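The first sequence begins at 1 in full-length UniProt numbering and counts up one residue at a time.
Worksheet for the structure shown next.
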Amino acid sequence: MAATGSTASGESAFYVSTPIYYVNDAPHLGHAYTTVAGDVLTRWHRQRGEKVWYLTGTDEHGQKVMRTAESHGVTPQEWADKLVEEAWKPLWEHLQIANDDFIRTTEERHTRRVQEFVQDLYDKGEIYRGGYEGPYCVHCEEFKSPGELLEGDLCPIHKKPIEWLQEENYFFKLSEYGPRLLEFYEANPDFVQPASARNEVVQFVRQGLQDLSISRSTFDWGIPIPWDPKHVIYVWIDALLNYATAVGYGSDQAKFDTTWPADVHLVGKDILRFHAVIWPAMLMANGLSLPGRVFANGWLMVGGEKMSKSNLTGISPRELTEHFGVDAYRYYFLRAIPFGQDGSFSWEDFSARYTSELANDFGNLASRVAAMIGKYFDGTLPEPGDAGAAEQAIAEGLATATAQADRLIGDNLDFSTGLGAIFDFVKQVNGYLSDQAPWKVAKDESPEGQARLATILYTAAESLRAVAVLLNPVMPGTCEKLWASLGAEPHLGPLADQRIADVAKWGRLPAGASVVKGEILFPRLDDAKS
RNA sequence: GGGGCGGUAGCUCAGCCGGUCAGAGCAUCGGACUCAUAAUCCGUGGGUCGUGGGUUCAAGUCCCACCCGCCCUACCA
Numbered sequence: 001m002a003a004t005g006s007t008a009s010g011e012s013a014f015y016v017s018t019p020i021y022y023v024n025d026a027p028h029l030g031h032a033y034t035t036v037a038g039d040v041l042t043r044w045h046r047q048r049g050e051k052v053w054y055l056t057g058t059d060e061h062g063q064k065v066m067r068t069a070e071s072h073g074v075t076p077q078e079w080a081d082k083l084v085e086e087a088w089k090p091l092w093e094h095l096q097i098a099n100d101d102f103i104r105t106t107e108e109r110h111t112r113r114v115q116e117f118v119q120d121l122y123d124k125g126e127i128y129r130g131g132y133e134g135p136y137c138v139h140c141e142e143f144k145s146p147g148e149l150l151e152g153d154l155c156p157i158h159k160k161p162i163e164w165l166q167e168e169n170y171f172f173k174l175s176e177y178g179p180r181l182l183e184f185y186e187a188n189p190d191f192v193q194p195a196s197a198r199n200e201v202v203q204f205v206r207q208g209l210q211d212l213s214i215s216r217s218t219f220d221w222g223i224p225i226p227w228d229p230k231h232v233i234y235v236w237i238d239a240l241l242n243y244a245t246a247v248g249y250g251s252d253q254a255k256f257d258t259t260w261p262a263d264v265h266l267v268g269k270d271i272l273r274f275h276a277v278i279w280p281a282m283l284m285a286n287g288l289s290l291p292g293r294v295f296a297n298g299w300l301m302v303g304g305e306k307m308s309k310s311n312l313t314g315i316s317p318r319e320l321t322e323h324f325g326v327d328a329y330r331y332y333f334l335r336a337i338p339f340g341q342d343g344s345f346s347w348e349d350f351s352a353r354y355t356s357e358l359a360n361d362f363g364n365l366a367s368r369v370a371a372m373i374g375k376y377f378d379g380t381l382p383e384p385g386d387a388g389a390a391e392q393a394i395a396e397g398l399a400t401a402t403a404q405a406d407r408l409i410g411d412n413l414d415f416s417t418g419l420g421a422i423f424d425f426v427k428q429v430n431g432y433l434s435d436q437a438p439w440k441v442a443k444d445e446s447p448e449g450q451a452r453l454a455t456i457l458y459t460a461a462e463s464l465r466a467v468a469v470l471l472n473p474v475m476p477g478t479c480e481k482l483w484a485s486l487g488a489e490p491h492l493g494p495l496a497d498q499r500i501a502d503v504a505k506w507g508r509l510p511a512g513a514s515v516v517k518g519e520i521l522f523p524r525l526d527d528a529k530s
């Protein structure tokens, strides 16, 4: 069972994907939530020193895009191009997303390989021609699922009677994969996470699977079925394959070998089934190894309602970043909401956490330490004297925080608790300063007093050095400022090159470093807005 | 209809196999301090643990019913 990473060569990349987002609309908070989570996860692994591949992109085929484009008087391709260039890519840049690739399903590197993949399945007898029968709304021009019909078999949109229609389609023999899928879930209990999502998937598969129609012939915005071009490939089959085509499937074997399969597929829970059932079945059918994990994140709720494209009560990502800043935005959702659960958020809660955790605890700590080193040592980090029990406790606190954060964030995708561990350390350092009261020690001008003062401030600065590294995956802009403020780069090199494994090694920031009080890390919010 | 999850201090939530489990963070209030972004540190607050029954020496913690909210029950990305 290929549950995890793959090729024996140690070069195998930690491969993480987001869903490829449907270009029907502009990105909203939910899209950004998933994408930021993946970015933090991959940045964390890069700081572990691992080879990483972070993929995102857009899903551009399908009837909805076609219709939306028509209603705007442009071709589907034009519509997709416009949204990708004007909305999607700019937002990811704005949010500091460090993706390694961005795939679009209309790109030839994708469409050609999708055809090959489907042709392979056809040749292997995994796909057959059949008829799909179901309730069809002539006004919508599409099939409905029986469950969504209103009483009396009315179309939920048009409130008009549907008719039963039959369409010739190609089907994938999904029904044959139930037992193998269950076996796989059993052998890989962490394949679908969180556990609640796994239970739903397992229960669903146990009910028995039906074959999946994988072609459409009522519209043409899609990838043609190679042996029967009157049909286009069902958009989900098309979309899922991006995870393979983007990393060289069928075109760049070397790259494919060192990247495939994905270690983590991040998905919204609305598309869990496609990733946890259909996708592995497709891969089994074609003899490819299976991904390591499918992790479903929850909904963002605002005022108790789900955030989504249909519910545009939405606050846009940019509204929030304009007020709170990009780094605080990246931090907030991961800190406030346990990853994998639905989470309610509010402007008030964001403000509260910004002020308490970011400005007061973290930002202010950086300020006071830099200020004192400036005031008492002219901005040159002093040589510490002997460490006492208090300093020992700080070093141990750092080791604990680092170990916890590494496991929780890097392995478990428990960003909330992991960040909590780092911020517990920040609070510990604030407490250490209160206890040691360096501003009082500074009044003792004896050599012993000055040595003690040096030890205290060195301890605080060294703690900040570690915090900058630990928080860099989440708040790269802020941590870069802190790194500069500590004068770390000339001695330790670029922040992004700092390794998680070295964070807790005490004493890395050398005496003599030039510490300056830079700009305020998290300025107080103008409370105009509430 | 069937299945699942949740309803614990003002807010967001921890509480595994029943017996210091009535908690944490934030907010509030009081105190300390002054290096710092009027920040920090310490202390404090009494919430019928959704409702009503039941089991037990003992129940947020088990059982039953009910109320409320959410999710799943296949081809919408």
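Heads up, the beta-carbon is just placed ideally off N, CA and C, and yes, glycines get one too.
This structure is a prediction, so every number in the text was calculated from the model and none was measured.
HIS231 and VAL36 have their C-alpha atoms spaced approximately 36 Å apart. In terms of CA proximity to ASP220, GLN77 leads the group ALA328, ALA393, ASN99, GLN77. Between the segment 286-294 and the segment 256-265 there are three or more inter-stretch CB-CB distances shorter than 8 Å, so the stretches are counted as touching.
Ranked by Cα distance from GLU183, the first of VAL202, ASP406, LEU365 is VAL202.
Shown here, GLU11 sits in coil according to DSSP, grouped into three states, outside any helix or strand.
Between VAL429 and SER463, the alpha-carbon positions lie close to 7 Å from each other. With a cutoff of 8 Å on beta-carbon distance, SER175 and ASP120 are scored as not near each other. Cβ atoms of ARG129 and GLU168 come within 8 Å of each other, at about 7 Å. Per the coordinates, the alpha-carbon of ASP25 lies some 18 Å from the alpha-carbon of VAL267. Scanning the segment 329-413 for uninterrupted beta strand (DSSP E) segments of 3 residues or longer gives 343-345, listed from N- to C-terminal end. Between VAL114 and THR259, the C-beta gap is not smaller than 8 Å, which leaves the two residues out of contact. Listed in chain order, the non-local C-beta contacts of THR417 below 6 Å within the same chain comprise LEU408, local neighbours out to five positions each way being set aside.
When secondary structure is reduced to three states using DSSP, GLY130 falls in the strand class. Residue nearest to ARG465 within the set VAL441, PRO447, ALA504 is ALA504 (criterion: CA-CA distance). Residue pairing from DSSP places LEU266 in a beta bridge opposite PHE295. Contact fails between the segment 188-202 and the segment 46-53, because fewer than three Cβ pairs, one in each stretch, are under 8 Å apart.
It is roughly 24 Å from the alpha-carbon of ALA285 to the alpha-carbon of ASN199. Taking 8 Å as the cut-off, the Cβ atoms of ILE20 and THR58 count as close. The DSSP-derived three-state label of GLU445 is coil.
Judged by beta-carbon spacing, ALA80 lies beyond the 8 Å limit of VAL16, meaning their Cβ atoms are not closer than that value. The beta-carbon distance between GLY363 and ILE520, rounded to whole angstroms, is 6 Å. This is short enough to meet the 8 Å contact definition. Boundaries of the alpha helix (DSSP H) harbouring GLN47: 29-47, taken from the DSSP string. PHE345 and ALA296 have their C-alpha atoms roughly 18 Å apart. Between PRO317 and LEU492, the gap from beta carbon to beta carbon reaches 8 Å or more. Here the alpha carbons of VAL277 and LEU283 stand approximately 10 Å from one another.
The C-beta distance from ASP414 to PHE339 rounds to 6 Å, short enough to meet the 8 Å contact threshold. ILE20 is bridged by DSSP to GLY57. Contact between ALA461 and LEU509 is confirmed by a C-beta separation of about 6 Å, below the 8 Å threshold. With a 10 Å radius around the Cβ and a threshold of 16 neighbouring Cβ atoms, ALA437 comes out exposed. A Cβ-Cβ contact shorter than 8 Å links ASP361 with PHE423.
Taking C-alpha positions only, LEU419 is separated from ASN472 by approximately 11 Å. ALA421 is a Cβ neighbour of ALA401, given a cutoff of 8 Å. For TRP164, the enclosing beta strand (DSSP E) covers residues 163-172.
The three-state secondary structure of LYS230, taken from DSSP, is strand. Taking the CA atoms as reference points, LEU482 sits about 46 Å from GLU186. Straight across, the Cα-Cα distance linking THR111 with GLY325 is about 38 Å.
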